[in-house]
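Protein chains in written order, with the working numbering: chain A, 14 to 590; chain B, 14 to 590.
Think of the CB as a built atom: it goes at the ideal place given N, C-alpha and C, for glycine as much as any other residue.
The following block contains the structure:
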């Protein structure tokens with residue numbers, strides 16, 4: 014550290030040439046929100062000067078804008094379906110050089126081994142990947158997860174400088190009732206110097222005060238202006254989320270003005286590979302925000318300096334001496350397409366081309382083999398039979414592109430005393446098959462909104478315990494789909510007439526693909542085409558929507574391997590009314 | 014920690030009453046810069062709610078504004094002439110509940126013992142006193158100090174949660190030339206999680222880049238708009254200083270606007286007890302700023318949230334759940350006179366009256382006796398004789414109310430080959446008598462600006478090594494003054510015709526008074542009256558000005574115990590041209 018600092022200072026003082034100088038750039042200054050023409054001098058991956066400098070290497074920015082690398086303040090990498098080293102590639106192509114990630118998904122499957130796998134994979138990647146420790150594994154007592162993490166499991170990770178604190182505390186009731194497990198985690202992580210993220214879905218100002226008292230300082234679950242303002246007023250950092258399913262930017266953006274923006278930042282939370290590749294990551298948030306009228310420099314400040322301040326990242330988030338040389342070049346500040354991207358002074362994208370040789374391969378991670386695979390009891394023909402005592406039932410109604418569902422009361426048809434799906438009424442069967450501990454649990458329910466005309470869709474990505482969730486028009490296709498996923502070690506599948514139409518294996522914990530990002534993307538396209546063939550509602554992503562129908566910490570009616578779950582009473586419930 | 018947090022959460026959730034509720038206040042929200050009417054619920058000294066709450070005790074704010082306690086981002090407590098527990102009283106009366114202090118003065122006298130004395134004294138006081146560790150003891154090799162502090166001496170203090178980092182790094186050349194001592198300090202403190210303050214007097218943007226590269230992130234030495242903007246552009250926090258001598262607020266304030274203000278805060282740096290009592294501390298900065306046109310809520314935000322963010326103080330600087338209950342009540346947001354002041358929920362000022370019983374006495378500090386006293390060789394009649402080889406001399410010219418001096422070339426009169434002061438020309442003699450190590454060093458020079466007609470003024474407060482500095486119209490009074498201070502263990506004195514006109518003993522390290530703040534203030538008034546009688550220039554404080562004529566890290570001509578010192582060549586120089 015000392016020798017490198019001495020080297021940096023000498024080049025800052027122009028007593029030695031810098032390693033690299035970016036010349037002829039229009040540098041975006043996020044402190045003053047001005048654009049200045051200055052050389053950027055870089056040594057040992059750090060910026061050492063902004064002015065006129067000479068370097069051993071010179072990169073000609075040719076009048077392009079030089080923008081600090083964007084920061085995603087909260088993302089579950091697993092939700093992209095890619096492991097960190099492939100996720101990083103896609104992010105970097107979009108100018109995102111730093112992410113704060115919560116390996117909540119893999120932790121629910123594989124506990125500390127899963128977290129360690131993610132951290133180790135991330136460390137080999139030319140990108141800043143910081144970790145927040147999953148606070149809620151398992152997320153509730155009403156589902157079966159692959160692991161259970163206690164405070165001491167989490168605190169042991171805090172020695173790693175890339176681990177920043179405790180991720181989204183999502184069980185409001187547990188905090189409010191000072192349950193020992195969550196209090197121990199909060200106290201332990203704070204004592205170790207960490208910060209604590211919140212997850213305050215649907216929470217009132219008075220309840221927010223409970224969270225704030227506990228030391229929780231961020232939230233990414235606000236969905237309207239009132240909620241956004243309430244969070245800012247109580248000192249929360251407002252994470253404006255724009256992911257694949259949850260799209261809150263349009264509603265929340267008006268809260269960000271000259272006064273409040275400093276505590277606003279952007280996050281993707283959960284975003285699939287296809288959306289990341291096609292529309293982008295935080296750069297997409299910026300484009301949306303700018304289109305909605307936000308000053309581009311204010312938007313960039315939110316996505317860089319503000320996010321860095323939120324996590325007390327002292328050397329990230331700006332182009333200035335003493336900061337890491339993380340930035341991207343772009344021709345204009347409205348579309349923000351990144352042509353060249355640098356991380357710690359290393360060019361990772363050149364003229365739009367990723368420098369693939371800088372990235373590790375999946376097989377190089379020693380923790381990969383330690384990750385558990387599928388561990389379910391065998392299924393039978395009757396596994397998905399849903400006997401009902403009455404025809405009046407609770408139905409999960411999908412709200413397109415939202416994590417929230419409605420509870421409907423519908424009248425259904427029975428066949429031999431069991432629920433019979435109705436394609437006409439769009440009342441399909443949904444099941445969650447436990448896959449971690451051979452409990453044999455299968456939760457069953459009825460869902461409206463998918464509009465499938467044939468077959469079944471299944472995925473081993475199902476928040477947050479990631480059992481296998483399947484929706485179908487008939488039991489035989491549902492059975493085929495789940496059994497196929499048990500064979501492949503997890504994945505996403507579309508089935509018709511007991512034949513596989515498309516399948517993406519997700520052999521890394523049943524969550525992430527071992528393929529490259531491009532191949533994974535192609536597989537997903539085939540899956541989407543297959544879903545279309547099955548008649549799936551084209552207005553939302555059926556697989557991702559399916560994967561959130563199991564998320565019990567979000568209103569209203571959900572399904573876990575233990576059965577139907579009502580958020581408002583926070584308890585399991587019967588299908589019959 | 015856990016039990017207290019559980020207690021706080023229970024009261025936040027209204028399951029138990031809060032310890033204290035402030036009702037009927039107009040609460041200043043520094044996150045949104047809005048004023049809201051809300052109860053403030055407090056438990057265990059922390060705010061747990063903002064809304065409608067019940068408490069075991071209720072305090073009726075009766076419509077007054079409730080403002081977060083103000084923060085002084087950089088102050089040398091010793092410069093008030095008071096030890097921390099008396100300084101705190103004066104600060105609290107002005108709504109200042111948090112200071113970030115650099116015990117640089119006592120450290121130059123007493124090293125680690127001095128720092129420990131200050132920390133221990135501070136801990137007993139109902140105020141938030143955070144310490145930055147003196148980076149420059151001794152400040153240069155061109156003066157004799159009482160101690161020398163190495164990196165390991167400093168790093169050992171970082172275990173204390175009230176120690177935040179490394180204080181004002183002031184030797185630019187040492188940083189730029191990567192001298193081992195300062196690099197070790199910076200690296201050591203950063204590795205321990207600390208922040209690093211700067212002191213970038215007269216430093217150009219290119220030189221600032223060197224500081225920034227080293228990890229220095231604040232500066233309080235900007236004196237004009239260009240300098241202020243250069244600091245903000247490079248990511249420095251701009252500390253806008255308004256002290257007793259250095260008054261930069263008027264010149265710097267225009268740089269603070271909606272965009273830049275978030276990285277601006279106020280500091281006093283060095284402010285005497287009389288000014289603190291009479292005009293105030295950071296509250297005075299706010300009044301000046303508001304008078305100059307700054308929005309009061311933006312000004313308050315700078316003095317609270319921004320200062321807290323600068324030092325990553327997560328639970329200070331706002332009135333919100335999870336923050337310390339530090340605030341004051343005031344009738345209007347323009348004059349900001351504090352009627353009632355709370356620190357950690359404890360009322361320390363009630364209706365303008367300090368709650369004296371909450372404060373410790375000077376004698377209760379075990380480190381007090383360990384502090385060194387005067388340690389100088391005896392003086393003689395000839396001690397202040399200044400033989401000159403020529404009548405053409407360099408003269409220190411005072412710039413009123415500035416730390417900077419000019420170098421003048423003047424022709425002087427000799428008497429028996431030695432300099433003879435001229436009252437008419439205002440060319441007086443100045444001497445610095447070494448008092449730490451019995452070196453016998455006496456630096457001698459000529460000064461213009463005091464306008465003394467008789468006698469001598471002397472002080473054992475003389476930045477930064479705090480030898481005894483004396484200015485006089487004749488050697489006999491100068492000798493009397495210095496000998497008297499050696500007897501009293503240090504202090505400030507005015508002498509005429511070898512008689513003491515007034516004297517304030519500063520027996521705590523020769524820097525701080527053992528009297529209460531009120532008595533110290535009265536002594537100082539007597540000293541000022543005495544200076545007036547001696548004909549001193551009424552446009553500036555003669556004692557304080559005297560105490561900065563020894564500060565070699567500020568331009569241009571200064572005097573140390575080793576002799577005359579030129580800043581621009583950073584070397585000792587002769588009096589003769």
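Can you have a look at residue i and say buried or exposed, based on whether 16 or more other CB atoms are within 10 angstroms of its CB?
{"i": "residue 110 (chain B)", "result": "buried"}
{"i": "residue 437 (chain B)", "result": "exposed"}
{"i": "residue 254 (chain A)", "result": "buried"}
{"i": "residue 104 (chain B)", "result": "buried"}
{"i": "residue 575 (chain B)", "result": "buried"}
{"i": "residue 538 (chain A)", "result": "exposed"}
{"i": "residue 3 (chain A)", "result": "This structure gives no information on residue 3 (chain A), because the portion of chain A shown stretches from 14 to 590."}
{"i": "residue 121 (chain A)", "result": "buried"}
{"i": "residue 447 (chain B)", "result": "buried"}
{"i": "residue 75 (chain B)", "result": "exposed"}
{"i": "residue 21 (chain B)", "result": "buried"}
{"i": "residue 129 (chain A)", "result": "buried"}
{"i": "residue 238 (chain B)", "result": "exposed"}
With the cut-off set at 8 Å, would you say residue i and residue j are in Cβ contact?
{"i": "residue 281 (chain A)", "j": "residue 88 (chain A)", "result": "yes"}
{"i": "residue 85 (chain A)", "j": "residue 113 (chain A)", "result": "yes"}
{"i": "residue 147 (chain A)", "j": "residue 116 (chain A)", "result": "yes"}
{"i": "residue 262 (chain A)", "j": "residue 301 (chain A)", "result": "yes"}
{"i": "residue 489 (chain A)", "j": "residue 540 (chain A)", "result": "no"}
{"i": "residue 80 (chain B)", "j": "residue 36 (chain B)", "result": "no"}
{"i": "residue 197 (chain A)", "j": "residue 160 (chain A)", "result": "no"}
{"i": "residue 355 (chain B)", "j": "residue 339 (chain B)", "result": "yes"}
{"i": "residue 573 (chain A)", "j": "residue 456 (chain A)", "result": "yes"}
{"i": "residue 481 (chain B)", "j": "residue 471 (chain B)", "result": "yes"}
{"i": "residue 99 (chain B)", "j": "residue 119 (chain B)", "result": "no"}
Just verifying my parser: in three-state terms, what is the DSSP assignment at residue i?
{"i": "residue 448 (chain A)", "result": "coil"}
{"i": "residue 431 (chain B)", "result": "strand"}
{"i": "residue 269 (chain A)", "result": "coil"}
{"i": "residue 166 (chain A)", "result": "helix"}
{"i": "residue 400 (chain A)", "result": "strand"}
{"i": "residue 300 (chain B)", "result": "helix"}
{"i": "residue 115 (chain B)", "result": "coil"}
{"i": "residue 262 (chain A)", "result": "helix"}
{"i": "residue 465 (chain A)", "result": "coil"}
{"i": "residue 286 (chain B)", "result": "helix"}
{"i": "residue 459 (chain A)", "result": "strand"}
Once the 5 residues before and after residue i are set aside, which same chain residues still bring their CB inside 7 Å of it?
{"i": "residue 402 (chain B)", "result": "589"}
{"i": "residue 303 (chain A)", "result": "309, 312 and 347"}
{"i": "residue 511 (chain A)", "result": "489, 490 and 493"}
Looking only at its own chain, which residues have a Cβ that is under 6 Å from the Cβ of residue i, when we skip the five neighbours before and after it?
{"i": "residue 187 (chain A)", "result": "195"}
{"i": "residue 101 (chain B)", "result": "138 and 140"}
{"i": "residue 2 (chain A)", "result": "In the structure as shown, chain A begins at 14 and stops at 590. Residue 2 (chain A) is therefore absent and cannot be evaluated."}
Apart from the five residues on each side of it in sequence, which residues of its chain come closer than 8 Å, Cβ to Cβ, to residue i?
{"i": "residue 44 (chain B)", "result": "318, 331 and 333"}
{"i": "residue 464 (chain A)", "result": "439, 548, 549 and 550"}
{"i": "residue 406 (chain B)", "result": "422, 423, 424, 425, 432, 459, 588, 589 and 590"}
Checklist line | 4 or more residues per run - each alpha helix (DSSP H) lying fully within the segment 223-260 of chain B | finding: 238-246
Margin query: Report the start-end ranges of each beta strand (DSSP E) in the segment 123-161 of chain B that is 3 residues or longer and not cut off at the edges.
Written below: 141-146
Next item on the list: Would you mind listing the beta strand (DSSP E) stretches within the segment 493-559 of chain B that are 3+ residues and don't spill past its ends, in chain order?
Entry: 504-509 and 512-518
Checklist line | Inside the segment 176-212 of chain B only - beta strand (DSSP E) runs reaching at least 3 residues | finding: 176-182 and 208-211
Notebook entry, point to check: Which whole runs of the beta strand (DSSP E) in the segment 290-367 of chain A are 3 residues long or more, in chain order?
Noted result: 340-343, 351-356 and 359-363
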